[in-house]
Amino acid sequence: MTRYVMVADLRRCVGCQTCTAACKEGNATPPGVQWRRVLDLEAGTYPDVNRVFVPVGCQHCANPPCMEVCPSTATGQRADGIVTIDYDLCIGCSYCIMACPYDARSLVDRTEYAFGEAATAAEAARADRRTIGVATKCTFCAGRIDAGTARGLVPGQDPEATPLCVNSCISGALSFGDIEDPTGPIATLLAENQWFRMHESEGTEPGFYYIWDKGKL
Amino acid sequence: MSTPAAREIRNVPSYCYNCVAGPDLMTVRVENGVATRIEPCHAAATIHPGLGRVCVKAFGLVQKTYNPHRVLAPMKRTNPRKGRDEDPGFVAISWDEALDTIAARLRDIRARGLLDDAGLPRVAATFGHGGTPQSYMGTFPAFLSAWGAIDYSFGSGQGVKCVHSEHLYGEFWHRGFTVAADTVHTRYIISCGTNVEVSGGVCAVRRHADARIRGVKRVQVEPHLSPTGACSAEWVPIKPKTDPAFLLALVHALLFEHERRALDLPFLRERTASPYLIGPDGYYLRDPTSFKPLLWDEATGAPVPFDTPGARPALEGRFTIAEAVTRGPDDEVRPQHNVAARTAFTAMADAVQGYTPDWAGGICDIPAETIRRIAAEFLENACIGETIEIDGETLPFRPVAVTLGKTVNNGWGAYECCWARTMLATLVGALEVPGGTLGTTVRLNRPHENRLKSVQPGEDGFMVAHFNSTGRKDWLAVPSGRNAHRTLVPIVGNSPWAQALGPTHLAWMFSSDAPKEWPAPPLPEIWFAFRTNPAISFWDTAEIGRAMARMPFIVAFAYTFDETNHMADILLPDATDLESTQLIRVGGTKFVEQHWAHHGVALRAPAVAPQGEARDFTWISTELARRAGLLERYNAALNRGAAGAALKGEGYDFSLAPEQAHDVDTIWNAVCQAATAELSHGAEVHDLDWFKRNGHYVVPFKREDWYLYPTMVRLGLRFELPYQERLLRVGVELGRRLHEQGIHWWDHQLDEYVAIPQWHDVPERWVQSIRDMGGDPDDYPLWGITTKVMPYTTGNNAGIPLMHEVSANLRNHGAVVINATTAASLGIATGDWVEVRSPIGATRGRAAVVQGCRPDTVVIPGQFEHWKTPFAKDLAFPSLNTVVPLSLALTDATGSGADVVRVALRKVAAPAEAGAA
Amino acid sequence: MASRRQRYWDLRAAGNFIGGGTGAGLIITAALAAAMGAPFRLALALGLGFVAAGLSLVWLEIGKPWRALNVFFHPRTSWMTREGIVAGGLVPLGLFAVATGSTAAAIVVALLAAGFLFCQARILRAARGIPAWRQAEIVPLILATGLAEGSGVYLIAGAHSLRWLAFALLAGLLREAAWLAYRAGLAGTAAAARSLAVFDAAPARLARGAQLAGLGLIALALATGALGVTFPGVTPWGAAVLAWAGGALAALAGWGVKALLIARAAFTRTAAIPMVPTRGGGGSRARQTSQP
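Chains as they are written, first to last, in this note's numbering: chain A, 399 to 615; chain B, -7 to 909; chain C, 376 to 667.
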């Protein structure tokens, strides 16, 4: 089987928001909507302080709470683990947004443009009315993955088959691939390092792994 | 995703060099003629240290292109009055009218002479951010060269607010205009304020991330927890402007708290001037015949010239020298008989004897044990005696580095810090060797593309240094430029970049308040401005604005209306990043941290047609040259290499016909072919069409050439360290010259010309400046400093909504960062409006209350407070520049200031009204 | 700052929980009244009106109102689908019961109403992105407040005799207990700190005050009637006013709390990372941490 997951190495992430911008631009999300973003968190008390940058977004959970609550079956799940939204089924009730423990989903009611008054040529070229009034979120760039795998490319290895955020990450924090491939780079990365997943107690089985240290000896 | 019926998709190669950390390579995706997104240049992944990627700023270039607020036609001013509150009354005009207007003035100036009655150029030009505009101005450098004398004195912050002192001292000591750790090989880094994870660029961010995984320890010494501090193994919250004490204490620790043999003694003996003997008058004791500096030969027990073969130099000691001479200021040769001498190394040890970690701890607010431990860790990791193979060459391996950042390496205290960080490297032989502290490029020396080639043997066994003369005959008593760089700053020299690296704030200050000893500098008759906004990016921005308003004729290459071109007479819309053509050099080693194993050239091809009436800068330059009667000189400059490559070389000639006005593609086609012919020694020649498909062309760059050490060894040269005998002499001479003119207002700066830097109370200078401004320091109890976030490190992104949106994820964006305890004591919570005030002004913003900041310090990121730039003017963000004064007293000997000021902080009810000071 | 106030379910969504809660509670009270021979048709109609009004408000809020029928597609796991299905039976059968005055129909409608209210409570409980809704104690709270609001309105739209005053008082006390349990639950949930702060602020205190005042007035009305006590100046007409005021406050208090719960006190979970990453060698700064 295949399950695509994202790995964020928190030792590498510098909070630059390059992935945030690459995703926004690549997916033409409207102002205020960020499918991928990086949080800026702090812990401790002066002078013993830590500051951590945490990439977040849809975790493509194995047990997605969004899918459970969706009344219209617009939210679905592929065999490869990618959680999807059928924009044509969604009624825009926002229940999935309430259900997501990762604050990963958004909904906009009307078209807005970055500069306010009118669309730029780039916005007009990418405008998609189907995404107005419905829930949207990170898709793991499923279109790129499918187009890539159809040509024999490997998601996570070949840039054309890889999510745009991973391609853009300048520190190398983000990695992507099939966790079910036992000798593949993702399995290796997770075997060799210590990691956690967020809000595991919710039972969501997220497909987003955070590395925090190299493996114990 | 939307799927229109027929979609033509092009992927256009380009580069991003919007900030000094570049250039990096990228791809512009164009759908049906519209640029829709930026992507990495994956094809460059094997040659670009950042895997062909670009940072967040580059992703704003699509919005930049289609910004509805762009100036898209040439414009002229109709309201003759200039000022912040005057509406310029810009109206659109034709290119012909715009260019003819400018050309007429240029021809008129040429007829009267390029220099005015004060001997200053009538034409001035200012470009922003560290030379990067050069990669977006097409062939404009050829126009400037064809013109002749131009005054680059008016700065916009670069040159004084950047790592300026280190530019000058770093390049002087080890051809390090900018400096980086050899991150790929290092193990331990002491970083005093270098903010790599924000402004280091794509290559540095990747390399430092790799280093962290490898287990490299970086200690970030900085008053607040920047992203770099966050990504470091240790954060040391130092009190602002006390870094000299910290670094001098580290030097002390290495010299006095560890065994001497733990240091790299061979390096000190052979590669530095440590063994040179110093006489009682403070100058090198020299051989009376050859004037060569002497060292003590342990083999013969006698003083010998430094380059005596077979000599075994004594590193330290005190000796009696029977016969010698010293060469003092103004060629005074002083005979020395039976004088007490000590080696330069001993002089250094004597000079830092009092700088114990306990002493420094009190000044810096750092525990002495921390300072000691850091010194010990530095020494432990230095691997003295070890070697490493780099591409088949065996080089010393010293994986420890020290780097400095803004506010540490500019302004008072910077000389001490730069010297100390260089000495820390030197003591363990980690200067310019694998793993150590490396210079990355040169700008005062040439050639710019290869700093190693700029190393020539000079006097006394050192590299040649092209100082401005301070001698009686040749010192430039009357300034040749409005910032008087050749007169006031000997170390900056007189190469093409020197003026822009002079004390550029003095040009602004002197424009309204000139020293009486010099002829009052008339304002330039034409001022060209491109990719620069001094009204936002300098200090005392209100005063800068007033100075600009007095300029008689300003030609601004305008992207949108902004606070600087508000004062312009003509606006010219140049085609921006994705709309124009240019070939630039990439790779090798460059500015910030871009050590490649290749070097070559990359093309920025037009991805889309220019919006509106915007035109390619190359076309503008050619037209200006033609209309100003400079076409032949312009083409000659191009042929000589003003566009980046000489068009004629051994075995190739792509010269342009001198009397023709060539179009954009013709020019760049010639440059493409010449550049590839040069790089491949004639083996491969690629034209513009090839570059439009392939983007870049590189050849191998020896990794050995990352390091200056082999060149120094090959030429038998020593680093001019530790003792600054030349600076001592130059300082005395400069003092004499200035006093002969009756000039005493540069005397404080003369204090910096000491042979071994000494601690002076650096923070007190800023406290004193409060008194000088009529304030009481007790009313301004906090230190105000600045920092950056990556989306806004440069490139004038303030008007790009995407950058603002993504930056909102960062806690300090647009905020005043305050320590939680300090905030609580003032009743301030995150989100409250606060005011930061100095005697010259106030700025307001929302508070970001954090733990990661010293209680006595507030931090204002970025440079904002726009009042004209669309989108930015509605942000209501604070700016430290509003409250930092332009001050001669706060200018060091290199002509630098620093972004630091004493401030008051209080909670307020609301942001200030628009226009309020 | 990783926790944000949700901004998608506004007062229109709150209106659904208000209309649904009060309406269901009123329908249940009306059915009880029907079973005991008390007036019920007006109350039943009003209850249906509340439910319908609430659902209409939701219809106005969703992004694609003309696809509203898609809401029925996921009964297997979605409480919102189930709510819709139950409503689909509740409204027509309720109208039938009002039209015919059938007690049997009224009782079936009441069971559907109870189911509807339960679905609403479970909708909130399943919202794992909002700790204040995810709180287990929210289910009894929603049920109890629905009953307290509905039984309060019944005092105005149905009857305010001793029996119904006692019922309203009992429902009100159940709601008190449910509220205290919910608050205690919130206090024990670290992720709910910002929600708790909203419930400590003035608007929430006002609603709580109304809740307690309503209880007090109902108790007073009950005491006045039950003990046959005649207070000086309190006429039978005055006792009715006490009952109506108490009932109104019982409803308004519930509405206020639900409006705050949905539109002001609903904060997303923060990002919590259990370990701080190491950044290079020489002594790890890794440590356990969780964000407030």
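Virtual Cβ for every residue (Gly too), placed ideally from N, Cα, C.
Reduced DSSP secondary structure (H/G/I, E/B, other) of B:W519: In the structure shown, the three-state DSSP call for B:W519 is strand.
field: Beta-carbon proximity list for B:L575, same chain, < 8 Å, skipping 5 on both sides
entry: These residues qualify, in order along the chain: V593, A594, L595, R596, A635, G636, A637, W660, V663, C664, A667, F683.
field: Span separating the alpha-carbon of A:A512 from that of A:A420
entry: Roughly 15 Å between the two C-alpha positions.
message: Bridge partners for A:R449 per DSSP, in chain order?
response: Partner residues in the beta bridge of A:R449, as assigned by DSSP, are A:E440.
field: Inter-residue CB distance, B:A911 and B:R364 (contact presumed, cutoff 8 Å)
entry: In the structure displayed, chain B extends from -7 to 909; residue 911 of chain B sits before or after that span and is not available.
task: Can you give me the Cβ contacts of A:M404 inside the same chain, cut-off strictly under 6 Å, excluding the 5 residues immediately before and after it?
output: The residues are F574, F606.
message: Between B:S218 and chain C, is the shortest Cβ-Cβ distance under 8 Å, so that the two count as touching?
response: Contact with chain C is absent for B:S218, since none of that chain's Cβ atoms lies less than 8 Å from the residue's Cβ.
- prompt: Hey, how far is the Cα of B:I101 from the Cα of B:P488?
  reply: Approximately 22 Å between the Cα atoms of the pair.
task: Would you decide whether A:G541 is buried or exposed? Buried here means 16 or more other CB atoms lie within 10 Å of its CB.
output: Classification for A:G541: exposed.
Chain B contacts made by the stretch 438 to 465 of chain A, where a contact means CB separation under 9 Å: So the list reads D438, L439, E440, A441, G442, T443, Y444, P445, D446, V447, N448, R449, V450, F451, given in the order they occur along the chain.
query: Under 8 Å between C-beta atoms, does C:R654 make it to chain B?
result: With 8 Å as the cut-off, C:R654 counts as an interface residue toward chain B.
query: Which ranges would you report for the alpha helix (DSSP H) in the stretch 596 to 633 of chain B if only whole runs of at least 4 residues count?
result: Counting whole runs of 4 or more residues, the stretch 596 to 633 of chain B contains the alpha helix (DSSP H) stretches 609 to 619, 623 to 632.
message: DSSP has B:T19 in a bridge; who is on the other side?
response: B:P5, B:E31.
task: Under 7 Å between beta-carbons, which chain C residues line up against B:G207? List them in chain order, please.
output: Using a Cβ-Cβ cut-off of 7 Å, B:G207 is close to G655, G656 of chain C, given in chain order.
- prompt: Just checking my contact of C:G394 with C:V426 at CB under 8 Å: how many whole Å lie between their CB atoms?
  reply: 6 Å between Cβ atoms; contact.
- prompt: When the Cα of B:S127 is compared with those of B:V578, B:K49, B:S504, which residue comes out closest?
  reply: Of the candidates B:V578, B:K49, B:S504, the one whose C-alpha sits nearest the C-alpha of B:S127 is B:V578.
message: Run through chain A and tell me which residues come within less than 8 Å of C:A502, C-beta to C-beta.
response: By Cβ distance, chain A contributes V467, Y493, M496, A497.
- prompt: Do B:V155 and B:N401 have their CB atoms nearer than 8 Å?
  reply: Yes, Cβ-Cβ distance for B:V155 and B:N401 is below 8 Å.
field: Under 8 Å by beta carbon: chain C residues contacting A:C629
entry: In the structure as shown, chain A begins at 399 and stops at 615. Residue 629 of chain A is therefore absent and cannot be evaluated.
- prompt: For A:T471, which residues in chain C fall below 7 Å Cβ to Cβ?
  reply: Going along chain C in sequence order, the residues near A:T471 (Cβ under 7 Å) are F448, H449.
query: Where does B:H736 land, buried or exposed, given buried means 16+ other C-beta within 10 angstroms?
result: Exposed: under 16 other Cβ atoms inside 10 Å.
- prompt: Out of A:A441, A:N591, A:A525, A:D501, which has the shortest C-alpha to C-alpha gap to A:F451?
  reply: Minimum Cα distance to A:F451 is reached at A:A441.
Distance, B:V691 Cα to B:A37 Cα: Distance between the alpha carbons of B:A37 and B:V691 is about 15 Å.
task: Please work out which residues of its chain come closer than 8 Å, Cβ to Cβ, to A:C459, disregarding the five sequence neighbours upstream and downstream, and give them in chain order.
output: The beta carbon of A:C459 sits closer than 8 Å to the beta carbons of V481, T602, E603, P604, G605 from its chain, once the five residues preceding and following it are set aside; these are given in chain order.
task: Identify which residue in C:A485, C:A552, C:A472 has its Cα closest to the Cα of C:V461.
output: Closest option to C:V461, Cα to Cα, is C:A485.
- request: Quick one: which unbroken beta strand (DSSP E) runs of 3-plus residues sit fully inside the stretch 96 to 156 of chain B? Chain order, please.
  value: Whole beta strand (DSSP E) segments, 3+ residues: 115 to 119.
- prompt: So with Cβ pairs under 8 Å, would you call B:E451 a contact of chain A?
  reply: Not a single C-beta of chain A is nearer than 8 Å to the C-beta of B:E451.
- request: Could you work out which residue in B:S647, B:H678, B:T433, B:W165 is closest to B:M455 when comparing CA atoms only?
  value: Out of B:S647, B:H678, B:T433, B:W165, B:W165 has the C-alpha closest to the C-alpha of B:M455.
Distance between C:A641 and C:A519 (C-alpha atoms, nearest Å): For C:A519 and C:A641, the gap between their C-alpha atoms comes out near 20 Å.
query: Quick one: is C:W441 buried, meaning 16 or more other Cβ sit within 10 Å of its Cβ, or exposed?
result: Classified as exposed, C:W441 has fewer than 16 neighbouring CB atoms from the shown chains inside 10 Å of its CB.
task: Please state if the CB of C:P578 and the CB of C:L635 are separated by a distance shorter than 8 Å.
output: Cβ atoms of C:L635 and C:P578: closer than 8 Å.
message: Does any residue of chain A have a CB that is nearer than 8 Å to the CB of C:Q381?
response: True, the Cβ-Cβ gap to chain A drops below 8 Å.
Cβ neighbours of B:A906 in the same chain (closer than 6 Å, five flanking residues each side left out): Because B:A906 sits at a pLDDT of 44, beneath the cut-off of 50, its placement in the model cannot be relied upon, and the following sentence gives the value as read from the coordinates. No residues qualify anywhere along the chain.
- prompt: Along chain B, which residues have their Cβ under 7 Å away from the Cβ of A:V412?
  reply: Residues of chain B passing the Cβ test: E189, V197, P219, C223.
message: Output needed in chain order: residues of the stretch 588 to 601 of chain A with a Cβ under 8 Å from some Cβ in chain C.
response: Within the stretch 588 to 601 of chain A, the residues whose Cβ lies closer than 8 Å to some Cβ of chain C are Q592, F594, M596, H597, E600, listed in chain order.
- prompt: Taking Cβ positions, are C:G400 and C:G521 nearer each other than 8 Å?
  reply: Going by beta carbons, C:G400 and C:G521 fall inside the 8 Å limit.
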